[in-house]
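Note that the protein sequences, when read in sequence, are chains A and B. For the first sequence, my numbering begins at 1 and goes up steadily by one. For the second sequence, my numbering begins at 1 and goes up steadily by one. We put the CB at the ideal spot given by N, CA and C, even for glycine. Single-structure report; data block below.
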Amino acid sequence: MSQVVGRPIPRVEDLRLLTGRGRYVADLRLGGMQQVAFVRSPYPHARIRSIRAPDGRVYRAADLQDVRPIAPRWEGEGFLPTAQPPLAEGVVRYVGEPVAVVVAPTRYAAEDLAEQVRVDYEPLPPVPDVDAALSPGAPRLHSDNVLYRRSHVHGDPDGVFRRAEVVVRTVIRSSRCTAAPLEGRGVVAWHDGSTLWVWTNTQTPSLIRSALALSLGLPECAVRVVVPDTGGGFGQKMHLYPEEIVVSWLALRLGVPVQWVEDRRENLTASAQAREERVEVELAAGTDGRLLGLRARIVGDVGAYHVYPTTAALEPLGVAQILPGPYDIPHYAYEVLAVATNKPPTGAYRGVGMTVGVLAMERAVDLLATRLRLDPVEVRRRNLVSEGRFPYTSASGLVYDGGSFREALEQVCALADYEHLRKEQEEARRRGKLLGIGLACYVEYTGLGSTTFRRRGMTEVPGHEGACVRVEPDGTVRVHVSFSHQGQGHETTLAQLVADMLHQPVERIRVERVDTAASPHGSGTFASRSSVAGAGAVLAAAGRVRERAQAIAAALLEAAPEDVVWEEGRLFVRGAPHRSVTFEAVAAAAYRILPGGSVSPGLEAVAYFDPPPATFSNAAHLAVVEVDARTGSVRILGYFVAEDCGRIINPLIVRGQLYGGIAQGIGEALLEHAAYDDHGQPLATTFMDYLIPTVWEMPEDVRVVHLQHPSDRPGGFKGMAEGGAIAAPAAVANAVADAVRAPVTRLPITPELVLELVCRGSRDGVDRTADPA
Amino acid sequence: MTTRLRTIRLTVNGSTHEITVETRKTLADALREDLGLTGTHLGCEHGVCGACTVLLDGRPVRSCLLFAAQAEGHEVTTVEALGTPDRLHPIQQAFWEHHGLQCGFCTPGILMSTVWFLQHHPHPTRDEIREMLAGHLCRCTGYLQIVEAIEAAARSVGRKGP
């Protein structure tokens with residue numbers, strides 16, 4: 001049988017999803033199930049004076065006295081813990097924070113009841129942004145508004161900056177975004193007397209089980225988390241939220257099943273948001289364009305509380321750590337601040353830390369190119385870490401295990417025909433058309449293990465994944481894993497891995513949904529870890545099953561196990577192809593008493609994999625845009641990618657992940673803004689205000705070349721699900737800046753901003769200086 | 001709030017149903033809760049995302065923006081009426097082969113719009129496909145493989161008839 005890893009096979013899970021037979025959390029029905037609605041704060045910051053509730057099932061903080069708040073830990077200095085009670089106690093700190101909860105037979109009735117709950121608030125002065133939060137005399141949301149602070153110096157950056165021939169400086173502002181999966185969050189909970197069942201569309205089932213058990217004072221084994229089909233996650237569904245705790249508590253309290261399904265307004269205003277940061281970045285360089293030093297200050301607007309399990313440190317610290325990127329920079333200093341404001345907490349969103357880090361760095365590199373009148377490709381070429389230097393330790397301490405940084409840059413230029421594009425750009429400009437070409441090079445940490453999480457201080461995330469591979473008596477192979485999927489296609493890609501290992505067709509492999517009572521323990525699906533950490537566990541378990549199968553075959557064939565070889569789904573004695581058994585016969589034999597008791601019954605194995613620190617993917621992206629100087633609109637004419645995600649499991653799926661990431665990146669660059677007014681009121685509460693890309697924003701011409709340098713992780717894979725979202729904002733921002741000849745310093749690049757830049761570009765003539773603001 | 005009930009008759013996927021619903025109940029909720037047809041998904045409940053699209057007398061509508069009572073006497077078609085896992089509709093087959101879905105949440109609505117679209121545009125241009133698809137939000141795919149799937153579906157529906 002030829003290998004299936006590497007082949008573009010259509011997905012196994014699609015057959016139910018295409019025919020309306022998927023089962024998402026909102027589709028679940030249990031007898032007697034009640035519906036839940038939350039009463040949420042309309043104020044960004046207020047004291048709760050009183051709550052008056054009608055008769056009926058209405059609960060508030062006072063009813064949940066025994067429930068522990070969400071209070072994630074982080075090891076190391078500079079961390080100020082916060083505690084978010086699942087229903088606000090005394091004070092609300094963002095619009096949308098749950099204040100009370102109601103239960104009724106239908107959602108319609110629950111919302112009627114919620115509307116009758118009268119909460120008397122005493123408004124407090126809001127802290128709408130980081131400037132307000134850091135100003136003297138600012139209202140304090142906790143004992144301090146700075147929830148995390150860290151600084152780091154590598155080498156002698158100040159000395160380098162004093163002596164440097166060239167210094168460029170810019171301040172980049174990324175906008176507050178939100179993942180906006182098409183399916184919101186949701187929970188069904190039921191207590192059967194001994195077990196609390198929680199069906200929820202989480203990315204981190206093991207962690208949610210631990211956190212719910214801790215919060216509700218239950219033994220961990222008394223909580224059973226089951227993950228149904230899930231409509232996208234992108235990081236937002238990796239956190240523990242107040243609603244999971246409250247709904248679970250209601251199930252315990254009421255003894256009936258309860259269901260809560262998040263609506264779009266709740267998702268846009270009360271689920272974790274992401275990204276809002278100000279990054280001050282300075283580059284020191286020689287006149288030849290060689291980078292000598294980097295200084296950065298990253299200030300994150302992280303909202304009102306830390307999120308579990310990652311905390312508010314994750315995003316801004318991630319920016320600082322990835323900022324040097326694929327460039328060889330000997331000296332680096334950074335300062336990171338995570339600052340509390342009266343907005344919802346920020347959490348993980350595809351590209352965590354990396355998207356904003358790459359945006360800031362790639363804008364700065366382009367400014368350096370402009371300053372030195374060098375081609376942006378040439379400046380990058382002179383600074384990318386060369387292939388002979390791996391493992392390479394970056395100035396922030398990340399160890400790049402391998403990479404093809406220069407090759408990716410050359411390949412993307414060849415793919416896009418860069419020289420020709422520049423000529424076209426000049427011709428277009430003569431005709432009054434503004435074309436721009438933008439590059440973004442990046443390196444991406446994927447498949448992180450426990451050593452990386454511990455070194456960062458992320459004590460709540462273990463780092464390993466687990467897999468159980470079990471061959472049933474009929475030869476069907478069941479795979480239980482610790483990490484759930486939200487559309488990535490695990491039921492297919494993991495089956496491909498096992499299929500090759502056991503020489504079976506993909507149809508014989510069933511990857512089951514995560515159920516913490518049956519699936520091994522693990523960290524979950526985030527940070528591009530499934531094809532590295534997850535695949536490592538699956539391959540290890542399948543490898544053990546393979547050895548066991550060989551031993552059973554050897555007993556059946558009366559041969560030595562090392563003489564048994566596999567071919568086309570059969571096991572036979574080396575050199576004697578007529579002495580063979582089928583895999584099905586081996587599976588059946590595993591559950592009978594074997595002759596002479598030579599082999600113990602059963603054919604299954606459990607394995608865990610805790611990957612070494614990280615394996616790094618890398619890529620170069622190139623965007624070509626046309627800017628309309630009259631309307632301010634930006635059209636992406638072409639998008640080119642040269643990426644190295646190691647060995648590819650399924651090219652169809654890799655392509656889909658890449659396109660999806662690029663679309664999200666384009667959204668972040670041009671459209672998406674979870675805007676708040678100066679008083680902390682959300683302005684984007686529907687899909688009419690929070691604009692996610694439609695097909696019209698997606699360029700038709702997207703071309704990709706894969707470099708496929710294998711990692712030294714099991715299978716040679718690297719993570720790849722975030723790349724598009726990491727690089728696209730930078731590539732598009734650089735392309736717009738190139739088109740209008742003025743620096744882009746904030747996202748999203750709205751038509752108003754474009755018109756402003758067009759005016760500046762035509763006034764200044766050339767993008768000569770970094771923007772000081 | 002007092003709730004008013006109304007008994008309505010409607011045809012869904014070829015079968016006639018009589019259901020008693022609150023007058024304020026949306027068609028989407030009635031399909032999902034009263035008729036158990038959970039293939040129709042709710043992504044925004046304000047008419048933007050298109051996940052809840054069904055056919056009403058053959059034309060695509062947002063079932064979150066219609067009251068169930070408005071469907072009285074009409075014919076509704078949902079994703080459950082297309083193919084089955086072992087006998088996919090040609091449009092479903094094309095989405096499968098071209099990886100036109102990831103999480104699958106927006107997919108039923110897009111499939112229903114595509115059914116109507118290909119009946120009226122049997123030989124669509126790429127721009128026509130993009131224009132139709134612009135009425136739907138998908139957060140996973142970046143749309144390109146959906147466009148490829150619809151192009152392939154047009155070719156195969158054209159060969160076999162709708």
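Test: residue i CB closer than 8 Å to a CB of chain B
i	result
Ile509 of chain A	no
Ala180 of chain A	yes
Arg635 of chain A	no
Arg478 of chain A	no
Leu17 of chain A	yes
Ala333 of chain A	no
Val702 of chain A	yes
Minimum Cβ-Cβ distance from residue i to chain A less than 8 Å
i	result
Trp96 of chain B	yes
Ala75 of chain B	It should be pointed out that residue 75 of chain B corresponds to Glu in this sequence rather than to Ala. Closer than 8 Å: no.
Cys49 of chain B	yes
Val79 of chain B	yes
Thr84 of chain B	yes
Gln92 of chain B	yes
Thr7 of chain B	no
Pro162 of chain B	Low local confidence applies: a pLDDT of 46 at Pro162 of chain B is under 50, so the model's placement there is unreliable, and no value is given.
Glu45 of chain B	yes
Gln145 of chain B	yes
Glu22 of chain B	yes
Thr107 of chain B	yes
Beta-bridge partners of residue i, as assigned by DSSP
i	result
Asp644 of chain A	A:Asn618
His191 of chain A	A:Leu196
Phe572 of chain A	A:Val565, A:Ser580
His331 of chain A	A:Gly293
Same chain, Cβ closer than 7 Å to residue i, neighbours up to 5 away in sequence not counted
i	result
Leu683 of chain A	Ala675, Tyr676, Asp677, Asp689
Pro162 of chain B	Reliability fails at Pro162 of chain B, whose pLDDT of 46 lies under 50, so the model's placement of it is uncertain and no value is given.
Leu755 of chain A	Gly632
Leu434 of chain A	Glu626, Val627, Ala629, Ala739, Val740
Val599 of chain A	Ala551, Ile552, Ala555
Ser530 of chain A	Phe483, Gln488, His490
Start-to-end residues for the alpha helix (DSSP H) that takes in residue i
i	result
Asp120 of chain A	That residue, Asp120 of chain A, is in no alpha helix (DSSP H); its beta strand (DSSP E) goes 118-123.
Cys413 of chain A	405-416
Asp127 of chain B	126-133
His120 of chain B	107-120
Ser174 of chain A	It is not in any alpha helix (DSSP H) - Ser174 of chain A instead sits in the beta strand (DSSP E) that spans 166-174.
Gln664 of chain A	651-670
Tyr108 of chain A	107-115
Unbroken beta strand (DSSP E) run spanning residue i, endpoints
i	result
Asp301 of chain A	291-303
Ile749 of chain A	Here Ile749 of chain A belongs to no beta strand (DSSP E), and DSSP marks it neither H nor E.
Glu80 of chain B	Careful: Glu80 of chain B lies outside any beta strand (DSSP E) and carries neither H nor E.
Arg6 of chain B	5-12
Residues near residue i in its chain [Cβ-Cβ closer than 6 Å; skip 5 each side]
i	result
Leu252 of chain A	His191
Ala721 of chain A	Ser528, Gln657
Phe405 of chain A	Pro326, Leu384, Val385, Asn618
Trp566 of chain A	His503
Tyr334 of chain A	His152, Ala296, Ala320
His673 of chain A	Ser175, Pro748
Pro391 of chain A	Val399, Asp401
Pro123 of chain A	Tyr43, Ala46
Gly357 of chain A	Val319, Ile322, Leu323
8 Å Cβ shell around residue i - same chain, five flanking residues per side excluded
i	result
Val732 of chain A	Gly438, Ala623, Val625, Val634, Ile636, Gly665, Ile666, Ala669, Leu670, Ile749
His74 of chain B	Leu10, Thr11, Leu56, Asp57
Segment contact, 8 Å Cβ cut-off, at least three pairs: the region 251-259 of chain A with the region 319-331 of chain A: Note that the region 251-259 of chain A does not touch the region 319-331 of chain A; fewer than 3 beta-carbon pairs, one per stretch, sit closer than 8 Å.
How do the region 692-703 of chain A and the region 133-149 of chain B stand: do at least 3 beta-carbon pairs fall below 8 Å, yes or no? A contact exists between the region 692-703 of chain A and the region 133-149 of chain B.
So, do the region 27-43 of chain A and the region 742-754 of chain A have three or more beta carbon pairs nearer to each other than 8 Å? The region 27-43 of chain A vs the region 742-754 of chain A: no contact.
If you pair each beta-carbon of the region 229-237 of chain A with each one of the region 199-219 of chain A, do three or more pairs fall below 8 Å? Output reads yes: the region 199-219 of chain A touches the region 229-237 of chain A.
Do three or more CB pairs link the region 83-99 of chain A to the region 9-25 of chain A at distances below 8 Å? In short, these stretches do not touch, since the Cβ pair count stays below three.
Any 3 or more C-beta pairs closer than 8 Å across the region 527-542 of chain A and the region 604-614 of chain A: Because the criterion of three Cβ pairs below 8 Å is met, the region 527-542 of chain A and the region 604-614 of chain A touch.
Measuring CB atoms only, is the region 698-712 of chain A touching the region 644-651 of chain A, in the sense that at least three cross pairs come out at less than 8 Å? Yes, they touch.
Decide if the region 179-191 of chain A is in contact with the region 153-160 of chain A; the criterion is three or more beta carbon pairs, one per stretch, under 8 Å apart. With the cut-off at 8 Å, the region 179-191 of chain A and the region 153-160 of chain A do not touch.
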